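Residue numbers (my numbering), protein chains in the order written: chain C, 89 to 801; chain E, 52 to 116. Quick reminder that beta carbons are idealized off the backbone N, C-alpha and C, glycines included. Note that the structure is a prediction, hence the values are computed from the model and not measured.
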Amino acid sequence: MTELRFKEIKTLKFERAAIERGYANQTLYVNLSKPEISIKPVTQKMKETFIGGKGFDLWLLWNAVKGTTQWDDPENAICVSCGPLGGTPIYPGSGKSIVTTLSPTTGSVMDSNVGGYFGPYLKFSGFDAIEIQGEAERETVVLIDGIDEKVQVLEVSGLPEDAYETSRILTDHFGQGKPRNISVISSGPGARHTLIGCLNFTWYDAGRKRARYKQAGRGGTGTVFSRKNIKALVVRWDAVTLSTNRPSDEEALKEVAKMHSHEIVELDPKQNEMARIGTTHLVTIMNDYDLLPTTNYRYGQHPQAANIGAEVYRRLFDKGFDGCWIGCTVACSHGIKDFVPMTGPYKGMKVFVDGPEYETIAGCGSNLGIFDPYTVTEINFYCDAYGIDTISFGTGLAFAMECFEMGLINETHTGGLDLSFGNRISAMEILHQMATGKGFGGIVGQGIRKMKEIFSKEYGADLKIMQDIGMEAKGLEFSEYMTKESLAQQGGYGLALKGPQHDEAWLIFLDMVHNYMPTFEQKAEALHWFPMFRTWFGLCGLCKLPWNDIVPEDNAETLEPAKIMKHVEWYARFFSAVTGRKSKPDDLITMSEAVYNFQRLFNLKMGFGRREHDAIPYRAAGPVTKEEYESRKERYDKQLAEKHGVDITGKGTEEKVQILRRLREEMYEKLKDAVYKRRGWTADGIPKVATVKRLKIDFPEVLELLKANGVTE
Amino acid sequence: MIKVRGKDYPWRKGMTVADLLKEIGDSYPYAVVRVNEKAISKPNFDTTVVPDNSEVYLIPMIAGG
Numbered sequence: 089m090t091e092l093r094f095k096e097i098k099t100l101k102f103e104r105a106a107i108e109r110g111y112a113n114q115t116l117y118v119n120l121s122k123p124e125i126s127i128k129p130v131t132q133k134m135k136e137t138f139i140g141g142k143g144f145d146l147w148l149l150w151n152a153v154k155g156t157t158q159w160d161d162p163e164n165a166i167c168v169s170c171g172p173l174g175g176t177p178i179y180p181g182s183g184k185s186i187v188t189t190l191s192p193t194t195g196s197v198m199d200s201n202v203g204g205y206f207g208p209y210l211k212f213s214g215f216d217a218i219e220i221q222g223e224a225e226r227e228t229v230v231l232i233d234g235i236d237e238k239v240q241v242l243e244v245s246g247l248p249e250d251a252y253e254t255s256r257i258l259t260d261h262f263g264q265g266k267p268r269n270i271s272v273i274s275s276g277p278g279a280r281h282t283l284i285g286c287l288n289f290t291w292y293d294a295g296r297k298r299a300r301y302k303q304a305g306r307g308g309t310g311t312v313f314s315r316k317n318i319k320a321l322v323v324r325w326d327a328v329t330l331s332t333n334r335p336s337d338e339e340a341l342k343e344v345a346k347m348h349s350h351e352i353v354e355l356d357p358k359q360n361e362m363a364r365i366g367t368t369h370l371v372t373i374m375n376d377y378d379l380l381p382t383t384n385y386r387y388g389q390h391p392q393a394a395n396i397g398a399e400v401y402r403r404l405f406d407k408g409f410d411g412c413w414i415g416c417t418v419a420c421s422h423g424i425k426d427f428v429p430m431t432g433p434y435k436g437m438k439v440f441v442d443g444p445e446y447e448t449i450a451g452c453g454s455n456l457g458i459f460d461p462y463t464v465t466e467i468n469f470y471c472d473a474y475g476i477d478t479i480s481f482g483t484g485l486a487f488a489m490e491c492f493e494m495g496l497i498n499e500t501h502t503g504g505l506d507l508s509f510g511n512r513i514s515a516m517e518i519l520h521q522m523a524t525g526k527g528f529g530g531i532v533g534q535g536i537r538k539m540k541e542i543f544s545k546e547y548g549a550d551l552k553i554m555q556d557i558g559m560e561a562k563g564l565e566f567s568e569y570m571t572k573e574s575l576a577q578q579g580g581y582g583l584a585l586k587g588p589q590h591d592e593a594w595l596i597f598l599d600m601v602h603n604y605m606p607t608f609e610q611k612a613e614a615l616h617w618f619p620m621f622r623t624w625f626g627l628c629g630l631c632k633l634p635w636n637d638i639v640p641e642d643n644a645e646t647l648e649p650a651k652i653m654k655h656v657e658w659y660a661r662f663f664s665a666v667t668g669r670k671s672k673p674d675d676l677i678t679m680s681e682a683v684y685n686f687q688r689l690f691n692l693k694m695g696f697g698r699r700e701h702d703a704i705p706y707r708a709a710g711p712v713t714k715e716e717y718e719s720r721k722e723r724y725d726k727q728l729a730e731k732h733g734v735d736i737t738g739k740g741t742e743e744k745v746q747i748l749r750r751l752r753e754e755m756y757e758k759l760k761d762a763v764y765k766r767r768g769w770t771a772d773g774i775p776k777v778a779t780v781k782r783l784k785i786d787f788p789e790v791l792e793l794l795k796a797n798g799v800t801e
Numbered sequence: 052m053i054k055v056r057g058k059d060y061p062w063r064k065g066m067t068v069a070d071l072l073k074e075i076g077d078s079y080p081y082a083v084v085r086v087n088e089k090a091i092s093k094p095n096f097d098t099t100v101v102p103d104n105s106e107v108y109l110i111p112m113i114a115g116g
């Protein structure tokens, strides 16, 4: 390996801003083309309207790009922000960063919420957010040094290709003997050669003495990062205490933080054991309820699901503290020590794997027909090392595998690879090909929307069936839950602003298992409240897991158990104690509503954000093929006869598939109507003028945008 | 003897998760119950036998990813 060398391109010395009530009150701007480093003020209006985190990112990005800007234009910006509550060491889940940019796969705004120390360290170094525009001529590291009060753009040579080694070397180099002072964002070769690149954010594991990783996975943020020729962002900060964030009322903060933290310590071992097994408990539970995506979401169950479930990973995970933020008692970021890959550049070497979590297991396991925990672990490892999103990898390859099994593509297209479901060797080969962009892996790495185009135009594959089975919406691959039997979750995915990711709403159990929302209006209410409250975590720099993955023992006795109002009230107290802005639970929803609607308008600005863009593939709503129908014949026949009053006597499967499809597609459209109405949007899914005025986001350019799109009231 | 939510509860041979929930009279619609380290989902309540000396946890909510 060549020697590590840095060449100083630009340096800005600054006097670190004092943190006040969770804010640094300024953001950092870097333009890699010019190059330029400057500091922008955060206005009171920004704080009041956008709160922080994703809200600040969106505002910076909105002002950076035009409606015609493409993801690979230099003017596209990557923004990373924390939020006013981020960086609180004793409140569980308070170390999140949010990344936003224009996505290579959707063409519109993408946001991704990620753990690790970067966001809090950035804020404590004096910046609520960083906004990076332009493209560097050569590989570049941007250093934000909050201790020595300087920001540097550094040309770099001698760093390895993959994210793991890059982050390790930079942590050693800049840590000056204190590696915990460093957090690195890096990507890898797969991000450069595909459109589904992710970003790895580090946190330093003092117990194991190594940099650990969390991923901002969705929508190709890593691809934009690589396009800008950014090798890494490095932030350097010192020790963090409760006072570092300068809360308005430290005693009130201590009180509420201790309550939440202690509750998790007491109840997590009695509930889902996230501190021991992360989110892996979901695998067998989803399987039991026919919700575990299997072979490209055709089915929700497989007899071998337990092979990739919690009972296996419980034994594989290395024991020890796994909190991706200081003092988090959920501590769910587990990893596997001394794993030995069977393929690729690390073949035969012992490595540490960060993960897997549920999404990776379902996406890279059951959805590919793979039920071997070691293959899932190896895919997890190389996705991170290459900088590839495990969800888009899994869902994208599952689509390609089904196309292969259907005969829509064949070995002449795949370079001789047998892409049948369950072929572990081929799955690994596709992933390694993504690291170079060569071979069929380079095509799978373009994402499902582009694959459909290539398969249709170049291979003559039937576009209609691919539209039905290609599990993407808005250009983003679905995350890993079956939605066929939950209309509310079809909306949770299809109406999500950035595309089908479950971070806006996860309503499957409430809807399908418990049937708590039988009417369209009830579903619409849930598709208002839950996305709004979940958005709030991204504004503040928080993780949602402490809210509803560990539940108070008396929660069942409350009026609306799904909302966990005791915790919502604690969050309102948390916000009040840090920012000094006295808030009640309803205020948190209003805060989110403003940012949520602004993001919808941002989609509109980019040429999306209308009813037609909330479409979902039929595979998400019901059985596409005869085989799928017949596998759950009793269920579907019963629904047709009893729920819809259809006389199914003498009808063949194909006819019943078509009838069910018509009914379910009608229901999805009715759901859209109800949700748009509840959210104060037009029938075309655009926020009304009255809505933007109520939410105080009626900026002149917003009103102009609405007028240009025919919305005047 | 088994423990349910940390409290001792008499065990009998062949007792299923569904039997146990009926006997303790908790009407909350649990989707998952943990028996020791294993998560048991409602579709399997009727067929899953609770072993003696088990620790049983009633999981109040499955909240997704």
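When the cut-off is 8 angstroms and only beta carbons count, does residue 83 of chain E lie next to chain C? Residue numbering aside, residue 83 of chain E sits at position 32 when the second sequence is read from its first letter. With 8 angstroms as the cut-off, residue 83 of chain E counts as an interface residue toward chain C.
Just the C-alpha distance for residue 52 of chain E and residue 74 of chain E, rounded to the nearest angstrom, thanks. As a first step, residue 52 of chain E must be located in the second sequence, where it is residue number 1. As a first step, residue 74 of chain E must be located in the second sequence, where it is residue number 23. Approximately 14 angstroms, taken between the alpha carbons.
Per DSSP, which residues does residue 334 of chain C bridge with? Please list them. Your numbering for residue 334 of chain C matches position 246 in the first sequence. According to DSSP, residue 334 of chain C bridges with nothing at all.
Please report the distance separating the alpha-carbon of residue 685 of chain C from that of residue 778 of chain C. Stepping through the first sequence from its first residue, residue 685 of chain C is reached at position 597. Stepping through the first sequence from its first residue, residue 778 of chain C is reached at position 690. Rounded to whole angstroms, residue 685 of chain C to residue 778 of chain C spans 12 angstroms at the Cα level.
Kindly list the residues whose CB is nearer than 7 angstroms to the CB of residue 401 of chain C, restricted to its own chain and excluding five residues on each side of it in sequence; keep chain order. Taking the first sequence and counting its residues from 1, the one referred to as residue 401 of chain C is at position 313. For residue 401 of chain C, where only same-chain residues beyond five positions count, the Cβ hits under 7 angstroms are 365, 368, 461.
Is the distance from the Cβ of residue 709 of chain C to the Cβ of residue 753 of chain C below 8 angstroms? Numbered from its first residue, the first sequence carries residue 709 of chain C at position 621. Numbered from its first residue, the first sequence carries residue 753 of chain C at position 665. Yes.
Quick check on residue 622 of chain C - is its C-beta less than 8 angstroms from some C-beta in chain E? Working through the first sequence from its first residue, we reach residue 622 of chain C at position 534. False, the Cβ-Cβ gap to chain E never drops below 8 angstroms.
Shorter than 8 angstroms from the beta carbon of residue 644 of chain C to some beta carbon of chain E? As a first step, residue 644 of chain C is located in the first sequence; it is residue number 556 there, counting from the start. True, the Cβ-Cβ gap to chain E drops below 8 angstroms.
Per DSSP, residue 382 of chain C forms a beta bridge with which residues? As a position in the first sequence, residue 382 of chain C is number 294, starting the count at 1. Residue 382 of chain C pairs with C/387.
Comparing C-alpha positions only, which one of C/636, C/468, C/574, C/385 sits nearest to residue 618 of chain C? Locating residue 618 of chain C in the first sequence gives position 530, where the first residue counts as 1. Out of C/636, C/468, C/574, C/385, C/636 has the C-alpha closest to the C-alpha of residue 618 of chain C.
Beta-carbon of residue 79 of chain E versus every beta-carbon of chain C: anything under 8 angstroms? To locate residue 79 of chain E, count along the second sequence from 1; it is residue 28. Taking Cβ atoms only, chain C reaches closer than 8 angstroms to residue 79 of chain E, which makes this a yes.
Per-residue DSSP class, three states only, for residue 626 of chain C: Position 538 of the first sequence, counting from 1, holds the residue named residue 626 of chain C. Helix, per DSSP.
Quick one: list the residues of chain C neighbouring residue 108 of chain E, beta-carbon separation under 8 angstroms, in chain order. Stepping through the second sequence from its first residue, residue 108 of chain E is reached at position 57. In chain order: 358, 359.
Using beta-carbon positions only, say whether residue 479 of chain C and residue 279 of chain C come within less than 8 angstroms of one another. Counting from one through the first sequence, the residue named residue 479 of chain C turns up at place 391. Counting from one through the first sequence, the residue named residue 279 of chain C turns up at place 191. Against a cut-off of 8 angstroms, the Cβ pair of residue 279 of chain C and residue 479 of chain C comes out as no contact.
Starting from residue 585 of chain C, trace the beta strand (DSSP E) in both directions and tell me its first and last residue. Residue mapping note: residue 585 of chain C aligns to position 497 of the first sequence, counting from 1. Premise fails: residue 585 of chain C is in no beta strand (DSSP E) and is neither H nor E.
Would you mind working out which of C/383, C/334, C/534, C/736 sits nearest residue 172 of chain C, comparing C-alpha positions? Position 84 of the first sequence, counted from the first residue, corresponds to residue 172 of chain C. Out of C/383, C/334, C/534, C/736, C/334 has the C-alpha closest to the C-alpha of residue 172 of chain C.
Which full runs of the alpha helix (DSSP H) of 4+ residues lie inside the segment 631-712 of chain C, going along the chain? 633-636, 653-667, 673-693
Contacting residues, own chain, Cβ-Cβ under 7 angstroms from residue 531 of chain C (five flanking each side not counted): Indexing the first sequence from 1 puts residue 531 of chain C at position 443. So the qualifying residues of the chain are 539, 542.
Should residue 193 of chain C and residue 585 of chain C be called a contact, given that it needs their Cβ atoms to be closer than 8 angstroms? The count along the first sequence starts at 1 and reaches residue 193 of chain C at position 105. The count along the first sequence starts at 1 and reaches residue 585 of chain C at position 497. No.
Would a C-beta distance cut-off of 8 angstroms place residue 580 of chain C and residue 759 of chain C closer than the cut-off? Position 492 of the first sequence, counted from the start, is the residue given in the question as residue 580 of chain C. Position 671 of the first sequence, counted from the start, is the residue given in the question as residue 759 of chain C. 8 angstroms or more divides the Cβ of residue 580 of chain C from the Cβ of residue 759 of chain C.
Terminal residues of the beta strand (DSSP E) in which residue 199 of chain C lies: Position 111 of the first sequence, counted from the first residue, corresponds to residue 199 of chain C. From DSSP, the beta strand (DSSP E) with residue 199 of chain C extends over 197-202.
Compute the Euclidean distance between the alpha carbons of residue 202 of chain C and residue 549 of chain C, then round it to the nearest angstrom. Locating residue 202 of chain C in the first sequence gives position 114, counting from the first residue. Locating residue 549 of chain C in the first sequence gives position 461, counting from the first residue. Looking at the two C-alpha atoms, the distance is approximately 37 angstroms.
List the endpoints of the continuous beta strand (DSSP E) containing residue 242 of chain C. As a first step, residue 242 of chain C is located in the first sequence; it is residue number 154 there, counting from the start. That run of the beta strand (DSSP E) goes 238-245.
According to DSSP, what are the bridge partners of residue 775 of chain C? If you number the first sequence from 1, residue 775 of chain C lands on position 687. Looking at the DSSP assignment, residue 775 of chain C forms a beta bridge with C/769.
Which term fits residue 79 of chain E, buried or exposed, when burial requires 16 or more other beta carbons within 10 angstroms of its beta carbon? As a first step, residue 79 of chain E must be located in the second sequence, where it is residue number 28. Label assigned to residue 79 of chain E: exposed.
Collapsed DSSP secondary structure at residue 182 of chain C in the structure displayed: Within the first sequence, numbered from 1, the residue matching residue 182 of chain C stands at position 94. Coil, per DSSP.
Give the secondary structure of residue 127 of chain C by DSSP, where H, G and I count as helix, E and B as strand, and everything else as coil. Within the first sequence, the letter at position 39 stands for residue 127 of chain C. Looking at residue 127 of chain C - three-state DSSP - the assignment turns out to be strand.
Counting only Cβ pairs nearer than 7 angstroms, list the residues of chain E close to residue 387 of chain C. In the first sequence, residue 387 of chain C corresponds to position 299, counting from 1. Those do not exist, as residue 387 of chain C stays about 15 angstroms from chain E at its closest Cβ, beyond 7 angstroms.
Would you say residue 398 of chain C faces chain B, with C-beta separation under 8 angstroms as the test? Among the protein chains of the structure shown, namely C and E, there is no chain B.
Should residue 402 of chain C be flagged as near chain E, meaning a C-beta pair shorter than 8 angstroms? On the first sequence, residue 402 of chain C is found 314 positions in, with the first residue counted as 1. So, interface residue.
Spell out the partners DSSP gives residue 416 of chain C in its beta bridges. Sequence index remark: in the first sequence, residue 416 of chain C carries index 328 (1-based). Partner(s): none; residue 416 of chain C has no beta bridge.
Would you verify that the beta carbon of residue 233 of chain C is, or is not, closer than 8 angstroms to some beta carbon of chain E? Residue 233 of chain C sits at position 145 when you count from the first residue of the first sequence. Not one chain E Cβ lies under 8 angstroms of residue 233 of chain C.
Does any CB atom of chain E fall closer than 8 angstroms to the CB of residue 637 of chain C? Indexing the first sequence from 1 puts residue 637 of chain C at position 549. Among the CB atoms of chain E, one or more fall inside 8 angstroms of the CB of residue 637 of chain C.
Rounded C-alpha distance that separates residue 661 of chain C from residue 348 of chain C: Taking the first sequence and counting its residues from 1, one reaches residue 661 of chain C at position 573. Taking the first sequence and counting its residues from 1, one reaches residue 348 of chain C at position 260. If I take the Cα positions, the gap works out to 11 angstroms.
Beta-carbon proximity list for residue 222 of chain C, same chain, < 6 angstroms, skipping 5 on both sides: As a working mapping, residue 222 of chain C is identified with position 134 in the first sequence. Non-local C-beta neighbours of residue 222 of chain C in its own chain, meaning closer than 6 angstroms and more than five positions away in sequence, comprise 119, 120, 121, 162, ordered along the chain.
Based on DSSP bridge pairs, tell me the residues matched to residue 320 of chain C. By one-based count along the first sequence, residue 320 of chain C stands at place 232. C/229, C/274.
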